[in-house]
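Okay, so here's the structure we're looking at.
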Amino acid sequence: MGFLTEEEISHLLPAEEAAFPSPVPTQIVSSDEYMPEPQTREQKQVEVRLIEMADSIAKKHGTSRRSFFQSASGMAASFVAMNAVYGGFFDATPAEAQTPEMANERARKLSSQFVMDTHTHFLRDDTRLTNFVAGREAVGKFGWNKSLAEKTQTLDDLKYANYFKEIYLDSDTRVALISNAPSEIPEDWFLTNEMVFAARARVNKQAGSRRMLAHYTITPGQPGWLEGIDRAIAEFKPDSWKGYTLGDNTHKESSHFPWHLDDEKLMYPAYERFAKAGIRNVCIHKGLFPPGMETRFPKLFDYADVRDVGKAAKDWPQLNFIVYHSGYRHIGGDPAVAMAEWDKTGRISWVSDLAEIPAKYGVKNVYGDLGQLFAYSTVAQPRLAAAMMGTLIKGLGSDHVVWGTDAVWTGSPQWQIESMRRLEIPADMQKKHGFKPLGPAEGPVKTQIFSGNSVRLYNFEKDKKAILAKADHLALAKQDYEAHGAERSNLRYGYVAKAV
Ligand SMILES: [Zn+2]
Numbered sequence: 121m122g123f124l125t126e127e128e129i130s131h132l133l134p135a136e137e138a139a140f141p142s143p144v145p146t147q148i149v150s151s152d153e154y155m156p157e158p159q160t161r162e163q164k165q166v167e168v169r170l171i172e173m174a175d176s177i178a179k180k181h182g183t184s185r186r187s188f189f190q191s192a193s194g195m196a197a198s199f200v201a202m203n204a205v206y207g208g209f210f211d212a213t214p215a216e217a218q219t220p221e222m223a224n225e226r227a228r229k230l231s232s233q234f235v236m237d238t239h240t241h242f243l244r245d246d247t248r249l250t251n252f253v254a255g256r257e258a259v260g261k262f263g264w265n266k267s268l269a270e271k272t273q274t275l276d277d278l279k280y281a282n283y284f285k286e287i288y289l290d291s292d293t294r295v296a297l298i299s300n301a302p303s304e305i306p307e308d309w310f311l312t313n314e315m316v317f318a319a320r321a322r323v324n325k326q327a328g329s330r331r332m333l334a335h336y337t338i339t340p341g342q343p344g345w346l347e348g349i350d351r352a353i354a355e356f357k358p359d360s361w362k363g364y365t366l367g368d369n370t371h372k373e374s375s376h377f378p379w380h381l382d383d384e385k386l387m388y389p390a391y392e393r394f395a396k397a398g399i400r401n402v403c404i405h406k407g408l409f410p411p412g413m414e415t416r417f418p419k420l421f422d423y424a425d426v427r428d429v430g431k432a433a434k435d436w437p438q439l440n441f442i443v444y445h446s447g448y449r450h451i452g453g454d455p456a457v458a459m460a461e462w463d464k465t466g467r468i469s470w471v472s473d474l475a476e477i478p479a480k481y482g483v484k485n486v487y488g489d490l491g492q493l494f495a496y497s498t499v500a501q502p503r504l505a506a507a508m509m510g511t512l513i514k515g516l517g518s519d520h521v522v523w524g525t526d527a528v529w530t531g532s533p534q535w536q537i538e539s540m541r542r543l544e545i546p547a548d549m550q551k552k553h554g555f556k557p558l559g560p561a562e563g564p565v566k567t568q569i570f571s572g573n574s575v576r577l578y579n580f581e582k583d584k585k586a587i588l589a590k591a592d593h594l595a596l597a598k599q600d601y602e603a604h605g606a607e608r609s610n611l612r613y614g615y616v617a618k619a620v
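Throughout the sequence shown, residue numbering follows this note's numbering, covering 121 to 620 in sequence.
And the structure:
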């Protein structure tokens with residue numbers, strides 16, 4: 121369908137050897153924003169059970185382990201294995217794992233669910249951010265995932281072509297918002313602001329409907345930043361704003377311009393422009409600053425948590441403050457630390473602080489994004505994922521939690537979508553903490569989270585109706601992709617060339 125050029129396709133390498141291709145990762149997938157933890161004992165158990173299950177079911181159906189993993193039954197099997205190891209957090213049955221018809225029917229039915237992912241990334245073609253590659257190589261070298269050591273790692277898997285495939289073809293995501301991160305070193309922006317809006321124009325033009333939204337990234341305190349906002353309003357017409365209060369998150373060692381959301385002198389002139397332009401969604405990166413990071417960059421610590429959100433939200437009720445990563449602190453650290461904190465105190469840094477803002481400040485315009493914290497916890501420790509969902513929904517409201525995956529740092533977001541569809545907060549946790557159940561995949565709470573809230577925030581009702589009313593070019597391309605035997609690629613990175 122012409123979404124990718126020959127050049128882009130040629131850069132995509134098959135990643136067959138690159139990872140144990142289970143439907144859901146059995147270890148935490150790395151991102152630039154944190155280093156992965158070694159595979160835990162429980163994750164190893166999940167992997168062993170999954171392989172056992174796959175081999176016996178695949179044998180029964182006369183198919184290979186690989187094609188089983190690529191099937192809807194294989195996806196179900198992952199959650200069955202996780203339930204066996206962690207306890208029954210996920211709605212998945214052995215029958216679904218063993219009966220392809222049953223699993224396919226469920227997957228087919230749910231694929232029409234409207235999923236809007238407002239937190240996604242890819243990197244510019246000339247990126248120098250080899251930390252992604254180094255991170256993957258480290259994972260191989262330390263033996264956390266031996267297969268990563270067997271293949272040269274490449275940045276191509278983090279660029280546009282693979283992004284397009286993993287978001288729009290390999291997952292049920294209908295609409296994605298392309299986000300970004302700035303740097304004081306111009307070459308080291310993930311994408312330039314111009315590239316972000318060029319990508320939005322490209323996708324939407326070829327799709328024939330609004331399938332991509334885009335951030336304009338602000339750089340408070342840096343020369344010309346307010347003029348940049350004026351230009352963005354006039355030329356780019358961004359869907360929302362993105363900012364990093366740490367200043368330069370990519371080069372923390374040389375970040376000269378950290379800032380606070382409630383700095384009246386610095387920020388309020390920008391908010392005035394946002395409000396006047398009617399572009400009211402302010403997306404702010406928060407958290408991902410574990411104790412080890414604090415030791416290395418003590419000067420940035422004051423800017424990493426959510427203490428500056430409440431006052432800004434109170435002073436600017438006409439804007440929406442959407443806190444990315446929901447301020448979750450411990451990514452990059454040991455997830456067991458966050459779990460232990462929850463078990464001891466009933467709190468999670470700084471997710472609990474974020475959840476308390478509406479009550480403390482009497483505001484209704486603070487939102488939590490699930491980018492990275494969901495991926496990180498649902499694999500490593502589903503109980504932590506359940507506790508975070510309960511905390512966020514109780515404090516912010518189920519109408520104030522929005523779906524974001526931080527893909528493609530962690531590959532195609534389909535496993536996160538499936539995980540959210542199936543996750544439930546255990547009854548004892550509900551009772552002890554006053555949490556309401558998350559309910560079924562298409563129940564009211566998950567519907568709000570997957571898209572209802574973002575449809576409202578982005579005034580997207582009309583566009584949603586248009587996308588659902590008639591198959592656009594992208595929908596046709598996806599049908600074609602699936603019809604040509606493109607069994608869903610479960611590879612975290614990689615490309616199935618024959619499928620396009
Ligand atoms: Zn991100």
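Glycine included, each C-beta is placed from N, C-alpha and C at the ideal position. All values derive from a computational prediction rather than experimental measurement.
| query | result |
| --- | --- |
| Buried or exposed: which applies to residue 438, given that a residue is buried once 16 or more other Cβ atoms fall within 10 Å of its Cβ? | exposed |
| So, helix, strand or coil for residue 232, using DSSP? | coil |
| Per the DSSP calculation, residue 296 is bridged to which residue(s)? | 237, 332 |
| What's the gap between the Cα of residue 513 and the Cα of residue 183? | 42 Å |
| Buried or exposed for residue 287, please, with buried defined as at least 16 other CB atoms from any protein chain shown within 10 angstroms of its CB. | buried |
| At a cut-off of 6 Å, would you count residue 368 as near ligand 1, judging by its Cβ distance to the nearest heavy atom? | no |
| If you draw a straight line from the C-alpha of residue 473 to the C-alpha of residue 382, how long is it? | 16 Å |
| Helix, strand or coil for residue 313, going by three-state DSSP, please let me know. | helix |
| Under three-state DSSP, which class holds residue 473? | helix |
| Just to confirm before moving on: does the CB-CB distance between residue 532 and residue 290 stay below 7 Å? | yes |
| With 16 other CB atoms within 10 Å as the buried threshold, where does residue 389 fall? | exposed |
| Within the chosen definition, does the region 171-181 reach the region 194-214 through at least 3 CB pairs nearer than 8 Å? | yes |
| Taking only runs of the alpha helix (DSSP H) that begin and end inside the region 177-202, which ones reach a length of at least 4 residues, in chain order? | 185-190 |
| Would you call the CB atoms of residue 568 and residue 497 closer than 7 Å? | no |
| So the beta strand (DSSP E) residue 489 belongs to, where does it begin and stop? | 486-489 |
| Reducing DSSP to helix, strand and coil, say where residue 351 ends up. | helix |
| Looking only at C-alpha atoms, which of 395, 436, 367 sits nearest to residue 384? | 436 |
| Closer than 7 Å by C-beta to residue 263: which residues in its own chain qualify, once you throw out the five before and the five after it? Chain order, please. | Bear in mind that a pLDDT of 34 at residue 263, under 50, signals an unreliable position, so the model cannot answer this. |
| Distance, Cα to Cα, residue 328 vs residue 593? | 6 Å |
| Residues around ligand 1, please: the ones whose beta-carbon is closer than 6 Å to some heavy atom of it, in chain order. | 239, 241, 299, 491, 526 |
| For the region 299-309 and the region 546-555, state whether three or more C-beta atom pairs, one from each stretch, are separated by less than 8 Å. | no |
| Output needed for residue 215: all residues of its chain with C-beta closer than 8 Å, excluding positions within five of it in sequence on either side, in chain order. | 222 |
| Assuming residue 445 and residue 501 make a contact with CB atoms under 8 Å, what is their CB distance in whole Å? | Residue 445 to residue 501, Cβ: 16 Å. No contact. |
| Ignoring anything shorter than 4 residues or poking outside the region 545-582, list the alpha helix (DSSP H) runs there in chain order. | 547-553, 564-567, 573-577 |
| Three or more C-beta pairs under 8 Å: does that hold for the region 465-482 against the region 523-541? | no |
| Check whether the Cβ atoms of residue 324 and residue 310 lie closer than 7 Å to each other. | no |
| Ordered along the chain, which non-local residues of its own chain (more than five positions away) have a Cβ less than 7 Å from that of residue 537? | 235, 291, 292 |
| If you check the beta carbons only, do residue 378 and residue 337 fall under 7 Å apart? | no |
| Considering just the uninterrupted stretch of the alpha helix (DSSP H) at residue 497, what are its terminal residues? | 493-500 |
| What whole-angstrom Cβ distance do residue 470 and residue 407 have, given they're in contact under 8 Å? | 6 Å |
| Run through DSSP, which three-state label would residue 601 get? | helix |
| Going by CA-CA distance only, name the one from 205, 452, 511, 442 that's closest to residue 416. | 452 |
| Quick one: give me the first and last residue of the beta strand (DSSP E) that residue 401 is part of. | 401-405 |
| Quick check: what's the CA-CA separation for residue 571 versus residue 369? | 28 Å |
| Just to confirm, is the Cβ distance from residue 510 to residue 553 under 7 Å? | yes |
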